[in-house]
Amino acid sequence: MPTDLLDTDRVVDEQARRIGEHIRGRRRAAAMTLVQLAERTGLSHPFLSQVERGHSRASMVSLEKIAAALDTTQVALLAAGAPAVEPDDRGPEVIRAGEGARGPFSSGEARLLVAAGPHAFEPLEWVGDNTDLGDYFEHHEDEFLTVLAGDVLLDLRGRPTLRLGPGDSAYYRGGTGHRWASADGSRFHMVVVKESPRTATAGAGS
Numbered sequence: 019m020p021t022d023l024l025d026t027d028r029v030v031d032e033q034a035r036r037i038g039e040h041i042r043g044r045r046r047a048a049a050m051t052l053v054q055l056a057e058r059t060g061l062s063h064p065f066l067s068q069v070e071r072g073h074s075r076a077s078m079v080s081l082e083k084i085a086a087a088l089d090t091t092q093v094a095l096l097a098a099g100a101p102a103v104e105p106d107d108r109g110p111e112v113i114r115a116g117e118g119a120r121g122p123f124s125s126g127e128a129r130l131l132v133a134a135g136p137h138a139f140e141p142l143e144w145v146g147d148n149t150d151l152g153d154y155f156e157h158h159e160d161e162f163l164t165v166l167a168g169d170v171l172l173d174l175r176g177r178p179t180l181r182l183g184p185g186d187s188a189y190y191r192g193g194t195g196h197r198w199a200s201a202d203g204s205r206f207h208m209v210v211v212k213e214s215p216r217t218a219t220a221g222a223g224s
C-alpha cells in the first residue's frame, strides 16, 4: 500500500489533522524547528511530530504550552480544528449542542462554544471526572469559570485549594497558575470563559 495512504490511515480525525497543520504552519512562519518547539514547550520532539501530522491529539495542557511557544492561544489552536466557515463580522453565532471544536483533557473533554475566529472572549464547556489535578494552566489573559454540576477542586497556585459546587464561580487574573479536578470522583460540568488576547491587550493600555 502507498506510504501516503498509510499516513492518512493513522490520522486521529479531521480535527486533529487541521490542528496539526495549523501548528506546523505557525511554527514554520516563525522559522522554528520541531526541536526548538520541543525545547520551548518541554514536550518531546516525536510527540510534536505526531501532533503536527494529526497522528496524536494534544491535551489541553499541551495545547497551552504549544500556544505560548507560538505566540497564540490554546483556544485559537483548538478552534483551528473546526471546519472553515465564511466570516460574518457582526452576525450572530449559534453553536448547537453537538457542534463546536473539541479537545480532550485528562478524563474529559473541552468544547469551544463559539465559531473559529476573533472574539472579545473565548467560552469553553468543560466536562470531566479526573481526580488528578495534573499540570497547571497559565496564560496572560484573565479567566472566569462557573460550575454547572458536580463538585470541583480549584487550585490557584500559591493559594489554598477551593471546593466549588453548582452555582459557584471564580475569577482570576492572567498569569495565575490554575488547575482543577473532581472533588469526589464524580462527573463535573463547567463553563470557562477566557479573555481574548486582543481584549486583554486593549485593557492593559487603557
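Under my numbering, think of the first position of the sequence shown as 19, with each following residue one higher.
Note that CB positions come from ideal geometry on N, CA and C, so glycine has one too.
- In the same chain as A97, and ignoring 5 residues on each side of it, the C-beta atoms closer than 7 angstroms to its own belong to A119, L130 and A134, in chain order.
- Setting aside the 5 residues that flank it on each side, A128 is surrounded in the same chain by M78, G121, L142 and W144, each with a C-beta closer than 6 angstroms to its C-beta; the list follows chain order.
- H196: member of the beta strand (DSSP E) spanning H196 to S200, first to last residue.
- Rounded to whole angstroms, S214 and G192 show a C-alpha spacing of 11 angstroms.
- In the DSSP assignment, V211 forms a beta bridge with P141 and F162.
- Its Cα nearest to that of D147, the residue D169 stands out among H157, R44, Y154 and D169.
- Distances from the alpha-carbon of A56 to those of K83, L163, G116 and G195 put K83 closest.
- Setting aside the 5 residues that flank it on each side, G185 is surrounded in the same chain by T164 and V165, each with a C-beta closer than 8 angstroms to its C-beta; the list follows chain order.
- Here DSSP, grouped into helix, strand and coil, assigns V29 to coil.
- Residue state for L171 is assigned as strand, using DSSP reduced to three classes.
- Nearest C-alpha to S67 among D89, G203, I41 and T90: I41.
- Between T194 and L171, the CB-CB gap reaches or exceeds 8 angstroms.
- Secondary structure at E117: coil, using DSSP grouped into helix, strand and coil.
- R58 and R28 have their C-alpha atoms spaced approximately 27 angstroms apart.
- In this model, V93 and A201 are separated by some 26 angstroms (Cα to Cα).
- Close CB contacts of D89 within its chain, under the 7 angstroms cut and outside five residues either way in sequence, are absent.
- Its Cα nearest to that of V112, the residue V132 stands out among G152, V132 and H207.
- By the neighbour-count criterion, in which 16 or more other beta carbons inside 10 Å mark a residue as buried, G99 falls on the buried side.
- For P64, the three-state secondary structure derived from DSSP is helix.
- When the Cα atoms are used, Y189 and E159 turn out to be separated by approximately 11 angstroms.
- The beta carbons of G72 and R35 sit about 3 angstroms from each other, so the pair counts as a contact at 8 angstroms.
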